[in-house]
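Chemist: This is the structure I want to talk about, given as structure tokens.
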């Protein structure tokens with residue numbers, strides 16, 4: 020079983036990396052790209068957990084380890 | 020319209036960030052997490068492109084700007 024976890028800067032938080040990329044794209048002629056947000060994506064390999072355990076444990080892992088809840092938010096999905 | 024772009028280290032490339040997280044999780048008692056891969060996730064806001072244009076332009080952007088094709092691979096989807 021695997022988990023996919025997305026960690027993104029909160030909407031209210033500045034995203035300097037995303038802004039830098041948006042500016043770079045504008046200067047390359049991609050004016051249609053009006054905003055860029057950059058986040059992190061994790062693929063976790065899970066051994067020996069049931070789907071329910073995986074759901075609960077990956078939520079804990081996302082909160083405690085992968086996300087800085089002051090400035091970031093997360094979502095995840097469990098996939099087979 | 021938006022684009023979602025995932026950029027991951029190639030399977031053949033070491034992922035030191037992912038390994039560090041996997042070790043941290045093991046030391047916290049999450050032994051069931053046998054592997055972690057860390058990548059980047061981008062959300063692009065697109066104005067004024069048709070779906071076909073978006074498909075072509077985002078592929079170019081992913082290749083030329085977002086991904087280091089020597090060590091990374093990407094996939095993307097266009098969403099409304």
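Chains as they are written, first to last, in this note's numbering: chain Y, 20 to 99; chain G, 20 to 99. All C-beta atoms, glycine included, are put in the ideal place defined by N, C-alpha and C.
(1) Find the nearest neighbour of residue 84(Y) within the set 44(G), 28(G), 36(G), judged by alpha-carbon distance.
(2) Tell me which residues share the same chain as residue 29(Y) and place their Cβ nearer than 7 Å to its Cβ, disregarding the 5 neighbours each side in the sequence.
(3) I'd like to know if residue 56(G) contacts chain Y, where contact means its C-beta is closer than 8 Å to some C-beta of that chain.
(4) Ignore the nearest five residues each way along the sequence and tell me which others in residue 98(G)'s own chain have a CB closer than 7 Å to its CB.
(5) Between 86(Y), 39(Y), 94(Y), which lies nearest to residue 63(G) when the distance is taken from Cα to Cα?
(6) Does the stretch 59-78 of chain Y come within contact of the stretch 50-65 of chain G, defined as at least 3 CB pairs closer than 8 Å?
(7) Is DSSP giving residue 79(Y) helix, strand or coil here?
(8) What are the residues of the stretch 61-85 of chain Y that lie near chain G, defined by any Cβ-Cβ distance shorter than 9 Å?
(9) Around the Cβ of residue 73(Y), are there at least 16 other Cβ atoms within 10 angstroms (buried) or fewer (exposed)?
(10) Excluding five sequence neighbours on each side, which residues of the same chain lie with their C-beta closer than 8 Å to the C-beta of residue 52(G)?
(11) Determine the extent of the alpha helix (DSSP H) in which residue 90(Y) is found, giving its start and end residues.
(12) Would you mind working out which of 78(Y), 36(Y), 88(Y), 87(Y) sits nearest residue 96(Y), comparing C-alpha positions?
(13) Kindly indicate the opening and closing residues of the beta strand (DSSP E) around residue 22(G).
(14) Where do the N-terminal and C-terminal ends of the alpha helix (DSSP H) with residue 58(Y) fall, by residue?
(15) Can you tell me the Cα-Cα spacing of residue 88(G) and residue 71(Y), whole angstroms?
(16) Output needed for residue 65(Y): all residues of its chain with C-beta closer than 7 Å, excluding positions within five of it in sequence on either side, in chain order.
Modeler: The answer reads as follows:
(1) If you number the first chain from 1, residue 84(Y) lands on position 65. Comparing Cα positions, the closest option is 44(G).
(2) Translated into positions along the first chain, residue 29(Y) becomes position 10. Taken in chain order, the residues that qualify are 90, 91, 92.
(3) Walking along the second chain from the start, residue 56(G) turns up at place 37. Answer yes: the Cβ-Cβ gap between residue 56(G) and chain Y drops below 8 Å somewhere.
(4) Start at 1 with the first residue of the second chain, and residue 98(G) comes out as number 79. The residues are 21, 23.
(5) Residue 63(G) sits at position 44 when you count from the first residue of the second chain. The residue with the shortest Cα to Cα distance from residue 63(G) is 39(Y).
(6) Contact annotation: the stretch 59-78 of chain Y touches the stretch 50-65 of chain G, with at least three C-beta pairs closer than 8 Å.
(7) Position 60 of the first chain, counting from 1, holds the residue named residue 79(Y). In the structure shown, residue 79(Y) sits in a helix (DSSP, three-state: H, G or I).
(8) Of all residues in the stretch 61-85 of chain Y, 61, 62, 63, 64, 65, 66, 67, 68, 72, 73, 76, 77, 79, 80, 83, 84, 85 have a Cβ within less than 9 Å of some Cβ in chain G.
(9) As a first step, residue 73(Y) must be located in the first chain, where it is residue number 54. Residue environment: residue 73(Y) is assigned as buried (16 or more neighbouring CB atoms within 10 Å of its CB, all protein chains considered).
(10) Numbered from its first residue, the second chain carries residue 52(G) at position 33. Answer for residue 52(G): 41, 44, 45, listed in chain order.
(11) In the first chain, residue 90(Y) corresponds to position 71, counting from 1. For residue 90(Y), there is no enclosing alpha helix (DSSP H), as DSSP marks it with neither H nor E.
(12) Locating residue 96(Y) in the first chain gives position 77, where the first residue counts as 1. Of 78(Y), 36(Y), 88(Y), 87(Y), the residue nearest in Cα terms is 78(Y).
(13) For the purposes of this step, residue 22(G) is identified with residue 3 of the second chain, where counting begins at 1. Segment 21-28, the beta strand (DSSP E) holding residue 22(G).
(14) On the first chain, residue 58(Y) is found 39 positions in, with the first residue counted as 1. Boundaries for residue 58(Y): no alpha helix (DSSP H) harbours it, while the beta strand (DSSP E) harbouring it runs 52-65, taken from the DSSP string.
(15) For this step, residue 88(G) is matched to residue 69 along the second chain. For this step, residue 71(Y) is matched to residue 52 along the first chain. Distance between the alpha carbons of residue 88(G) and residue 71(Y) is about 37 Å.
(16) Working through the first chain from its first residue, we reach residue 65(Y) at position 46. Excluding residues up to 5 positions away in sequence, 20, 21, 22, 73 lie with their Cβ nearer than 7 Å to the Cβ of residue 65(Y) in the same chain.
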